[in-house]
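Protein chains in written order, with this note's numbering: chain A, 160 to 231; chain B, 160 to 231; chain C, 160 to 231; chain D, 160 to 231; chain E, 160 to 231; chain F, 160 to 231.
Don't be surprised by glycine CBs; every beta carbon is placed ideally from N, CA and C.
On a predicted model such as this, the values are computed, not experimentally measured, just so you know.
Below is one structure, written out as structure tokens; comments come after it.
There are 6 protein chains.
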Amino acid sequence: MPYVKIQITREGATRDQKAQLIRGATDLLVQVLDKDPATTFVVIEEVETDHWGIAGETVAVLRERAKRGTGP
Amino acid sequence: MPYVKIQITREGATRDQKAQLIRGATDLLVQVLDKDPATTFVVIEEVETDHWGIAGETVAVLRERAKRGTGP
Amino acid sequence: MPYVKIQITREGATRDQKAQLIRGATDLLVQVLDKDPATTFVVIEEVETDHWGIAGETVAVLRERAKRGTGP
Amino acid sequence: MPYVKIQITREGATRDQKAQLIRGATDLLVQVLDKDPATTFVVIEEVETDHWGIAGETVAVLRERAKRGTGP
Amino acid sequence: MPYVKIQITREGATRDQKAQLIRGATDLLVQVLDKDPATTFVVIEEVETDHWGIAGETVAVLRERAKRGTGP
Amino acid sequence: MPYVKIQITREGATRDQKAQLIRGATDLLVQVLDKDPATTFVVIEEVETDHWGIAGETVAVLRERAKRGTGP
Chain A
160 MPYVKIQITR EGATRDQKAQ LIRGATDLLV QVLDKDPATT FVVIEEVETD
210 HWGIAGETVA VLRERAKRGT GP
Chain B
160 MPYVKIQITR EGATRDQKAQ LIRGATDLLV QVLDKDPATT FVVIEEVETD
210 HWGIAGETVA VLRERAKRGT GP
Chain C
160 MPYVKIQITR EGATRDQKAQ LIRGATDLLV QVLDKDPATT FVVIEEVETD
210 HWGIAGETVA VLRERAKRGT GP
Chain D
160 MPYVKIQITR EGATRDQKAQ LIRGATDLLV QVLDKDPATT FVVIEEVETD
210 HWGIAGETVA VLRERAKRGT GP
Chain E
160 MPYVKIQITR EGATRDQKAQ LIRGATDLLV QVLDKDPATT FVVIEEVETD
210 HWGIAGETVA VLRERAKRGT GP
Chain F
160 MPYVKIQITR EGATRDQKAQ LIRGATDLLV QVLDKDPATT FVVIEEVETD
210 HWGIAGETVA VLRERAKRGT GP
């Protein structure tokens with residue numbers, strides 16, 4: 160009866176890619192722990208890039224900086 | 160001081176139904192564990208049907224298949 | 160296909176009370192949104208009182224202060 | 160390697176305020192536990208006021224009542 | 160910068176199986192979305208069987224019933 | 160009415176350090192968003208090092224390797 164949450168930044172993942180994540184996470188639980196897929200939930204949460212921080216900065220800022228080609 | 164998260168697929172729950180979920184979950188904590196409602200939080204999260212998977216498929220696909228009347 | 164998480168402080172809830180929470184939360188989703196109980200998950204998380212804070216203090220400290228009968 | 164989730168009601172927090180939350184939460188983990196900011200994630204989740212309940216009522220209703228100046 | 164949470168019942172998953180879950184979930188994010196493994200977190204949460212409910216009953220009760228070979 | 164979850168590996172954080180995290184996170188919400196501390200929850204979750212993965216490996220393995228002084 161597993162529940163898997165996959166949290167990613169909202170940066171263009173397609174419907175097909177999300178379906179692959181759901182399929183893949185379910186298969187993983189079935190293969191490793193012999194879980195029943197019928198009661199395996201996978202939930203994807205997309206988070207805006209200005210709502211996700213790493214190293215004290217938003218991903219939005221990190222992406223802008225990377226585009227401009229300035230460090231770090 | 161309970162915190163309750165209710166995660167459902169986004170499929171047309173009304174504002175009134177959400178208020179009923181919040182009222183009902185709060186009452187449950189009060190009745191069963193004598194919790195103080197003033198510090199009982201209930202948060203509802205609606206998840207798109209192509210972000211929720213069960214049995215390795217998205218709910219969006221399951222709903223489309225059910226509409227077409229084809230198995231499983 | 161709802162998923163409900165109930166987070167409470169670990170302060171002596173019995174196995175029977177937890178079963179009541181699970182039953183009650185499931186019934187709530189069935190009654191309000193006509194969800195299928197067979198795919199309704201309820202997960203209870205008990206949190207140590209020194210891991211839960213409110214108003215900037217741990218519940219452990221608040222409980223100790225309440226026992227001593229001192230404010231606020 | 161901390162992961163911090165900050166859940167707030169969606170009531171007008173600005174992009175700059177969110178950046179401050181991310182910066183502040185990261186600094187807190189660095190100062191208190193000497194964590195590496197490069198592997199410290201902070202995720203902000205904004206929740207609609209009719210999806211957040213306290214004392215059995217939605218924040219949306221509480222805000223409307225406060226505006227009208229009627230108790231409690 | 161994905162964050163994956165895998166919630167399972169505590170029913171004897173070994174340290175090696177948990178390592179496989181972590182490896183597999185990370186590979187999935189790399190393969191499907193080209194994410195950087197260095198900033199991919201996977202967190203496993205084991206939940207006691209009397210803290211997890213499905214169909215209104217705890218997994219603990221369901222397991223006991225299955226052992227006794229009685230329905231439903 | 161914020162809810163903050165701080166998830167860290169279980170590696171010896173003291174009760175005092177946890178109280179500092181709770182105090183600091185509450186202050187942050189008060190200072191940045193003028194939130195009421197009386198309805199600000201902070202919950203700390205400690206995760207075993209073999210339940211937390213980064214770059215496809217458990218923190219337990221990374222810590223052991225670091226102790227032995229072998230790369231990467």
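Residue closest to K194/A, alpha-carbon to alpha-carbon, out of I213/B, K164/B and D193/B: I213/B
Give the DSSP bridge partners of I281/E, in chain order. Any answer about residue 281/E is impossible in this case: the structure gives chain E only from 160 up to 231.
Please state whether the Cβ-Cβ distance between E207/B and R174/B is less than 8 Å. no
Rounded Cβ spacing between V201/E and I165/E (contact assumed at less than 8 Å): About 7 Å; that satisfies the 8 Å criterion.
Closest Cβ-Cβ distance between I181/A and chain E: below 8 Å? no
Do G183/C and L187/B have their CB atoms nearer than 8 Å? yes
Could you give the uninterrupted runs of the alpha helix (DSSP H) lying entirely in the stretch 169–222 of chain F, keeping only those of 4 residues or more? Scanning the stretch 169–222 of chain F for uninterrupted alpha helix (DSSP H) segments of 4 residues or longer gives 174–192, listed from N- to C-terminal end.
Would E176/D pass as an interface residue toward chain B - the criterion being a Cβ-Cβ separation below 8 Å? For clarity, residue 176/D is Gln in the given sequence; the question names Glu instead. At a cut-off of 8 Å between beta carbons, Q176/D makes no contact with chain B.
Does any residue of chain B have a CB that is nearer than 8 Å to the CB of T198/C? yes
In angstroms, rounded to a whole number, what distance separates the CA positions of A197/A and A219/D? When rounded, the distance between both Cα atoms is 37 Å.
Quick one: which residues of the stretch 211–225 of chain A get their C-beta closer than 7 Å to a C-beta of chain B? List them in chain order. none
Q179/F to R227/B, Cα distance in whole Å? 57 Å
Would you tell me roughly how many angstroms separate the C-alpha atoms of E205/B and A225/F, rounded to the nearest one? 42 Å
Through-space distance from T199/D to E223/B, alpha-carbon basis: 40 Å
Please state if the CB of P161/C and the CB of I181/B are separated by a distance shorter than 8 Å. no
Quick one: is T185/E near chain A, going by C-beta distance under 8 Å? no
Taking only beta-carbon positions, decide if D193/C is within less than 8 Å of chain F. So, not an interface residue.
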